[in-house]
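Down below is the structure, laid out as structure tokens.
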Amino acid sequence: MNKFLYVLIFLFTCSCSNNQKERIDILESKLSNLEKSFSEVNSSKVTKAYNGYKENIELVKSCVDTLEKSFSIRMNNYKGLKKTCPQFLATFSIAKKNLQNQIIQIQNLNLDLKNKLIPVDSINIYLELEEENIQKISDDVLELLEIYEFISSVSDSLYEPIKLYAEKYCSKKAL
44 MNKFLYVLIF LFTCSCSNNQ KERIDILESK LSNLEKSFSE VNSSKVTKAY
94 NGYKENIELV KSCVDTLEKS FSIRMNNYKG LKKTCPQFLA TFSIAKKNLQ
144 NQIIQIQNLN LDLKNKLIPV DSINIYLELE EENIQKISDD VLELLEIYEF
194 ISSVSDSLYE PIKLYAEKYC SKKAL
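So the sequence shown is numbered by my numbering: it starts at 44 and just counts up by one.
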């Protein structure tokens, strides 16, 4: 009977260990996917879009006296960059730092589990906390990607037309 009890405890411990390893593997996979998504974001493109926005606004202020209705609509859409570019840059730096820290945290947790430094009854609590952290980072990266897509589409579609429109008025003023 004693041997049976030891075998049962051993099997239970092995199954818990496998379950925890699977959870760690899933967390590492999620982090890897987040890191890949994050790396697709080009922060210098946002900086360039924001600088282009500021240049165009100065050009419009100095050269355009009256706005046509279609240009006014474009300008209202374009002015969305004024708020979203700084928001992107703040979110980008926070998400980058959190992602890097979480990768290190999961690596350390994995080492702690391998070295049996965490009490067995506390492992699930640690795993749940890390899952929550990764979910928060995932939400931040998703928000970052949405802002990035907005900035890219607005800048790509409106930078050149607004610049040309304002330059046309500047050349008329010069005459």
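Just so you know, even glycine gets a beta-carbon here, dropped at the ideal spot from N, CA and C.
Quick one: using the 10 Å Cβ neighbour count with 16 as the cut-off for buried, is residue i buried or exposed?
i      : result
Ile147 : exposed
Ser136 : exposed
Ala209 : buried
Gln143 : exposed
Ile180 : buried
Leu124 : buried
Ser115 : exposed
Gln145 : buried
Asn76  : exposed
Val184 : buried
Glu173 : buried
Glu171 : exposed
Ser198 : buried
Val163 : exposed
Assuming residue i and residue j form a contact by the criterion Cβ under 8 Å, report the distance between their Cβ atoms to the nearest whole angstrom.
i      : j      : result
Leu74  : Ile149 : 6 Å
Leu188 : Val84  : 7 Å
Phe81  : Ala138 : 7 Å
Tyr96  : Tyr121 : 7 Å
Asn99  : Tyr169 : Actually they do not touch by this definition, with Cβ atoms about 51 Å apart.
Ile257 : Gln63  : Residue 257 is absent from the model: the chain starts at 44 and stops at 218.
Cys128 : Ile69  : That belief does not hold up - the Cβ atoms of Cys128 and Ile69 are roughly 35 Å apart, past 8 Å.
Ile67  : Leu152 : 7 Å
Where does residue i sit, in a helix, a strand or coil, going by DSSP?
i      : result
Glu111 : coil
Leu187 : helix
Glu83  : coil
Ile161 : coil
Lys122 : coil
Ile194 : helix
Lys211 : helix
Whose C-beta lies closer than 6 Å to the C-beta of residue i among residues of the same chain, with five residues either side of it excluded?
i      : result
Val107 : Ala209, Tyr212
Leu110 : none
Leu160 : none
Leu102 : Ala209
Report all residues from its chain with a CB closer than 7 Å to the CB of residue i; omit the five preceding and five following residues, and keep chain order.
i      : result
Glu175 : none
Arg117 : Leu201, Pro204, Ile205
Asn223 : Lying before the first or after the last residue shown, residue 223 is absent from the chain, which here runs from 44 to 218.
With a threshold of 8 Å on Cβ separation, who are the neighbours of residue i within its own chain once the five nearest residues in sequence on each side are excluded?
i      : result
Gln130 : Ile190
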